[in-house]
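Q: As they're listed, the protein sequences go chains G and R. Mapping of the first sequence onto my numbering: position 64 corresponds to residue 1156, and the numbering continues sequentially without gaps. Mapping of the second sequence onto my numbering: position 44 corresponds to residue 684, and the numbering continues sequentially without gaps. Built from N, CA and C at the ideal position, the CB exists for glycine as well. Treat the numbers as computed from the prediction; the structure is a model and nothing was measured. Okay, handing you the structure first.
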Amino acid sequence: MNNQLKVLRAMRNWSQAELADRLDVSRQAVNAIETGKYDPSLPLAFKLARLFAMPIEEIFDDGHKGHDDGE
Amino acid sequence: MATKDMTMGNDPGKARAPSMTVMVAIAIGTALFAGGFAGFNEAQIEAGDAAVASWAAPLIAIGLGGAVLAFYVWRRADGFRSWSRRKRIYWTSLIFSGALGLVTALLLQDGPGDGLISNSALTPTLAVALSLLWVVGLTIALALYHRSADDHERYAYHQSGLAGFYAFVFPCPVWWVLWRADMAPPVDAMALFGLSLLVNAAVYLWFKFR
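The following block contains the structure:
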């Protein structure tokens, strides 16, 4: 899954370790999410959204365009 | 709103953060010192010169390593105080597990066997002590660990746990049926345990640090 984490972090001039401390996770967790090697759980995704004051779908992109209509 | 949210968490910029590399280096230095001292002691014994008891080397090394670590913690006290509760519990569980392993290794090394990896007989007292150390110590360490593991850590732990399980499930019945057909020696539980742990550690490190 693609995400904007690295860009959002850079805009605030935070290191991976600083972001990790703000999220209360390890630096390896931030690195793994940034590089797309690991998709965060829903609670962590919400934590990220609150921290950056953005909707989850603006931080993460699962590659699907538009709304699913259930079909 | 954004400003408020951004300042809600810890403020890591204020305190000088402790370095994990330094703490790992202190641990490695302690182990190297203990090994070097033990080697020197062995050489003294072989040469017929005076030597100290075998437990002295690790004890002195732990003392020195502990003193260096205490000094580092004291120098970086503000940084450690800024750690979150989760991070403190996590590192406590890791240090506790390491100490548990070291004490177990020392007891086995100094026991009546041929060293760390041996099937030779143990005294009942040592066997009961080691069993209690393993069960009680591991229970405490794991309780602390599971309370403090973050999202990504849990993922690595589950993947490696599954890999370790497979490393037991595949070879064990194969070995057993081969033994029943006199095509292999009797199943060695500790060999399978060791294999399972090795696979577990390798997969954990891969998912955690790749």
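(1) I need the boundaries of the alpha helix (DSSP H) containing residue 840(R), first residue and last residue.
(2) Would you mind telling me which residues of chain R sit closer than 9 Å to residue 1117(G), beta carbon to beta carbon, in chain order?
(3) Could you list the residues in the segment 1121–1133 of chain G with a C-beta less than 8 Å from some C-beta on chain R, going in chain order?
(4) Quick one: grab the DSSP three-state call for residue 643(R).
(5) Can you tell me which residues form a DSSP beta bridge with residue 1179(G)?
(6) Where does residue 808(R) sit, in a helix, a strand or coil, going by DSSP?
(7) I want to see whether chain R comes within less than 7 Å of residue 1100(G), judged by CB atoms only; does it?
(8) Under the rule that 16 or more other beta-carbon atoms within 10 Å means buried, what is residue 670(R), buried or exposed?
(9) Taking 7 Å as the CB-CB limit, is residue 1111(G) close to chain R?
(10) I want to verify the contact list: residues of chain R whose CB lies under 7 Å from the CB of residue 1136(G), in sequence order.
(11) How big is the Cα-Cα spacing for residue 821(R) and residue 813(R)?
(12) Does the CB of residue 1163(G) have a neighbour CB from chain R at under 7 Å?
(13) With DSSP run on the structure shown, which of helix, strand or coil describes residue 681(R)?
(14) Tell me whether residue 818(R) sits in a helix, a strand or coil according to DSSP, three-state version.
(15) Quick check on this structure: which residue in 677(R), 769(R), 715(R) has the alpha carbon closest to the alpha carbon of residue 662(R)?
(16) Give the range of the alpha helix (DSSP H) segment to which residue 706(R) is assigned.
(17) Residues of the segment 834–849 of chain R with a CB closer than 9 Å to any CB of chain G: list them in chain order, please.
(18) Confirm, please, whether the CB-CB distance from residue 713(R) to residue 666(R) is below 7 Å.
(19) State yes or no: is the C-beta of residue 693(R) within less than 7 Å of the C-beta of residue 674(R)?
(20) In the DSSP assignment, find the unbroken alpha helix (DSSP H) run with residue 1139(G) in it and report its ends.
(21) Would you identify the three-state DSSP class for residue 803(R), choosing helix, strand or coil?
(22) Is DSSP giving residue 791(R) helix, strand or coil here?
A: Straight from the coordinates:
(1) 829–849
(2) 726, 790, 791, 792, 793
(3) 1121, 1124, 1125, 1129, 1130, 1132, 1133
(4) Residue confidence is low: residue 643(R) scores 38 on pLDDT, short of 50, so the model does not pin down where it sits. No coordinate-derived value is stated.
(5) No answer is possible for residue 1179(G): the residues shown for chain G start at 1093 and end at 1163.
(6) Look at residue 808(R) here: in three-state DSSP terms it is helix.
(7) no
(8) buried
(9) Output row for residue 1111(G): interface = no.
(10) 791
(11) 12 Å
(12) Because residue 1163(G) carries a pLDDT of 45, less than 50, the predicted location of this residue cannot be relied on, and the following value inherits that uncertainty. Cβ-Cβ to chain R under 7 Å: no for residue 1163(G).
(13) helix
(14) Looking at residue 818(R) - three-state DSSP - the assignment turns out to be helix.
(15) 715(R)
(16) Note, residue 706(R): alpha helix (DSSP H), 696–715.
(17) 847, 848, 849
(18) no
(19) no
(20) 1134–1144
(21) helix
(22) helix
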